[in-house]
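One structure below.
Protein chains: 2
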Amino acid sequence: MRQFIVLGHDAPTTPDFSLDDLAGAAGRLDALCRCVNSAFFLSHDFRSDVRLFLVMQDELTIRFEGSELRRLNPDERSTAALIRKALEAKSEAIGHMEAESTPGVFVSKRDFETILDEASRRATVVELHEDGTPVVDLEPPEDPLFVLSDHGDFTDEEADLLAEASDERVRLGPALLHGNHAMTVAHNYLDTDGYTEY
Amino acid sequence: MRQFIVLGHDAPTTPDFSLDDLAGAAGRLDALCRCVNSAFFLSHDFRSDVRLFLVMQDELTIRFEGSELRRLNPDERSTAALIRKALEAKSEAIGHMEAESTPGVFVSKRDFETILDEASRRATVVELHEDGTPVVDLEPPEDPLFVLSDHGDFTDEEADLLAEASDERVRLGPALLHGNHAMTVAHNYLDTDGYTEY
């Protein structure tokens, strides 16, 4: 399984935002929606063996489970509508328990540290870092977990947590990429592994 | 210079669409907006050495010129608003001449065949094809031109034009990707060329 955690530093934690202003008043929710797109969509197909966590302001987390997802479309606006539904359901999420808002979408009051701890148990944590090893020189792990940030950089605390959990430090290329683009390149790298002729 | 042509089979050719329904009544304009994003954005940076043509229903073409672009943001909605402005300016585009609607965005009444002929003159035309050579086995060309389709497949006529112009037939990986994801992978492949240590 491929897992991704994306940290939304300004992302909404309540559903009272407008779908007409995702890049503004909704705290750059557009960037997170593009990450959902990159996690799951293929041409005429879907990556069901993927799990994505969106951490909203380190207060709560929305989990997208590829094998159970329904009603997901590629565009930002409809993805934001699914996220809004998840935020509407957060009162049903008690303690660290999750509530399912639509098929395959779950909300819980868990922060980055809790999610990272849980997701990394059966995964190889890949830290994307500009001083990392070029991805082409590495054997892709079986069950990778990638941690990415939205439009903003990691906070010092997030970077420390990630560095501590990290199994591999990797660079995807010479250019610094947006989170969703990094996810697409990571998928391609994992897809291509083992295929000398594809 | 890196060039991309993206064919929008259902894309609007008039500005009378709503920004609230890009994936519906606006003919999957969301898919084209994501291609604009993939063409130009880097983390805290911008790919100015890129030219992107969006061919709208083979009737008119919108050119995004990286070195001149202003006012472009990563989200689908604001990109669609720039496209709408271009469509509003189409009456100023006479014959094959272009009209500039916002800095770096140009509209003209040119079809795919005309654009392909012009763009390919000083470029290596790379045809992305499932039977192509794996991209990792190829030396990246200096001035590549990639031709992609939106959510739909190429028509027979488009495929024939492309096959005729094609210099290389390439496959980016074993999975079939959305156009915008293919652009991100292509950029990464070109970025990485020549960098044994990055």
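Taken in sequence, the protein lines are chains W and E.
For the first sequence, the numbering used here puts the final residue at 198, and the numbers step up evenly by one.
For the second sequence, the numbering used here puts the final residue at 198, and the numbers step up evenly by one.
The beta carbon of each residue, even a glycine, is placed where N, CA and C say it ideally should be.
Remember, it's a predicted structure, so these values are computed and weren't measured experimentally.
Where does Ala25(W) land, buried or exposed, given buried means 16+ other C-beta within 10 angstroms? Ala25(W) comes out exposed.
Can you find the residues in the same chain that come closer than 6 Å, C-beta to C-beta, to Glu100(W), ignoring five residues on each side of it along the sequence? Here the set comprises Phe106.
Work out the CA separation of Ser43(W) and Arg2(E) for me, nearest whole Å. Roughly 23 Å separates the two Cα atoms.
Assuming contact is defined by CB atoms lying nearer than 9 Å, are Ile83(W) and Leu29(W) in contact in what I supplied? Contact flag set, yes.
Just to confirm the assignment, what range does the beta strand (DSSP E) spanning Met56(W) have? For Met56(W), the enclosing beta strand (DSSP E) has its first and last residue at Val50 to Met56.
Please give me, in chain order, every unbroken run of the beta strand (DSSP E) with length at least 3 that falls completely inside the segment 68-139 of chain E. Complete beta strand (DSSP E) runs here, min 3: 99-102, 105-108 and 124-134.
Take the Cβ of Asp58(W) as the centre, count every other Cβ of all protein chains shown within 10 Å, and call the residue buried at 16 or more, exposed below. Answer is buried; the Cβ neighbour count reaches 16.
Contact check, Arg63(W) vs Leu52(W), beta carbons under 9 Å: Yes, the pair counts as a contact, with Cβ atoms nearer than the cut-off.
Can Thr114(E) and Pro144(E) be called in contact, C-beta distance under 9 Å? Using a Cβ distance threshold of 9 Å, Thr114(E) and Pro144(E) do not count as a contacting pair.
Note down the Cα distance separating Gly66(W) from Asp49(W), rounded to an integer number of angstroms. Roughly 6 Å separates the two Cα atoms.
At a Cβ threshold of 9 Å, is Gly27(W) touching chain E? No, no contact with chain E.
Along the chain, where does the beta strand (DSSP E) containing Ser14(E) start, and where does it finish? First, the amino acid is wrong: residue 14(E) is Thr here, not Ser. It is not in any beta strand (DSSP E) - Thr14(E) carries neither H nor E in the DSSP assignment.
List the whole-angstrom C-beta distance separating Arg70(E) from Gly104(E), where the pair is believed to meet the contact cut-off of C-beta under 8 Å. That pair is a contact at about 6 Å.
Glu76(E): contacting residues in chain W (beta-carbon distance under 8 Å): Within chain W, the residues near Glu76(E) are Asp30, Asp75, Glu76 and Arg77.
Cutoff 6 Å; reference Thr79(W); Cβ partners in own chain excluding five residues on either side: Beyond the five residues adjoining it in sequence on each side, Thr79(W) comes within less than 6 Å, by CB distance, of Cys33 and Val36 in the same chain, given in chain order.
Do three or more CB pairs link the segment 12-22 of chain W to the segment 146-165 of chain W at distances below 8 Å? No, because fewer than three Cβ pairs between the segment 12-22 of chain W and the segment 146-165 of chain W fall closer than 8 Å, the two stretches do not touch.
How is Thr155(E) classed by DSSP in three states: helix, strand or coil? In this structure, DSSP gives Thr155(E) a state outside helix and strand, which the three-state scheme calls coil.
List, in chain order, every chain W residue whose beta-carbon is nearer than 7 Å to that of Ser43(E). Annotation: Cβ neighbours of Ser43(E) in chain W (cutoff 7 Å, chain order): Leu176, Leu177 and His178.
Quick one: measure Cβ to Cβ for Thr184(E) and Thr184(W), integer angstroms, because I've assumed they're closer than 8 Å. Going by Cβ atoms, the distance from Thr184(E) to Thr184(W) rounds to 4 Å, so yes, they are a contact pair.
With DSSP collapsed to three states, give me the class of Asp143(E). Note: Asp143(E) maps to coil in three-state DSSP.
Use the C-beta contact count for Arg121(W): other C-beta atoms within 10 angstroms, 16 or more gives buried, fewer gives exposed. So Arg121(W) counts as exposed.
For Phe40(W), does the count of other Cβ atoms within 10 angstroms reach 16, so buried, or fall short, so exposed? Buried, by the Cβ-count rule.
Return the chain-ordered list of same chain residues with a C-beta closer than 6 Å to the C-beta of Glu92(W), the five sequence neighbours on each side being excluded. The beta carbon of Glu92(W) is closer than 6 Å to those of Ala99 in its chain, skipping five residues each way along the sequence.
Using a Cβ-Cβ cut-off of 9 Å, state whether Leu52(W) counts as contacting chain E. Closer than 9 Å: no.
Would Pro144(E) pass as an interface residue toward chain W - the criterion being a Cβ-Cβ separation below 9 Å? Interface residue (Cβ-Cβ distance to chain W less than 9 Å): Pro144(E) is not classified as such.
Quick one: residues in its chain with C-beta nearer than 6 Å to the C-beta of His151(W), no 5 flanking neighbours on either side, listed in chain order? Cβ within range, chain order: Arg28 and Ala31.
Quick one: give me the first and last residue of the beta strand (DSSP E) that Gly179(W) is part of. If you look at Gly179(W), you'll find it isn't in any beta strand (DSSP E); it sits in the alpha helix (DSSP H) that goes Gly179 to Thr192.
So if DSSP puts Arg63(E) in a beta bridge, which residue, or which two residues, is it bridged to? Answer is Phe53(E) and Phe106(E), bridged to Arg63(E).
Identify the contact partners of Gly95(E) in chain W, using a Cβ-Cβ distance below 8 Å as the criterion. Under the 8 Å cutoff, chain W gives no residues; its nearest Cβ is about 35 Å from Gly95(E).
Quick one: what's got a C-beta closer than 8 Å to Glu68(E)'s C-beta in the same chain, skipping five residues either side? Beyond the five residues adjoining it in sequence on each side, Glu68(E) comes within less than 8 Å, by CB distance, of Pro103 and Gly104 in the same chain, given in chain order.
Assuming the contact rule is C-beta atoms closer than 8 Å, Val170(W) and Val136(W) should be a hit. Round their C-beta distance to whole Å, please. Going by Cβ atoms, the distance from Val170(W) to Val136(W) rounds to 10 Å, so no, they are not a contact pair.
What does DSSP give as the partner residues of Phe46(E) in its beta bridges? Phe46(E) pairs with Phe41(E).
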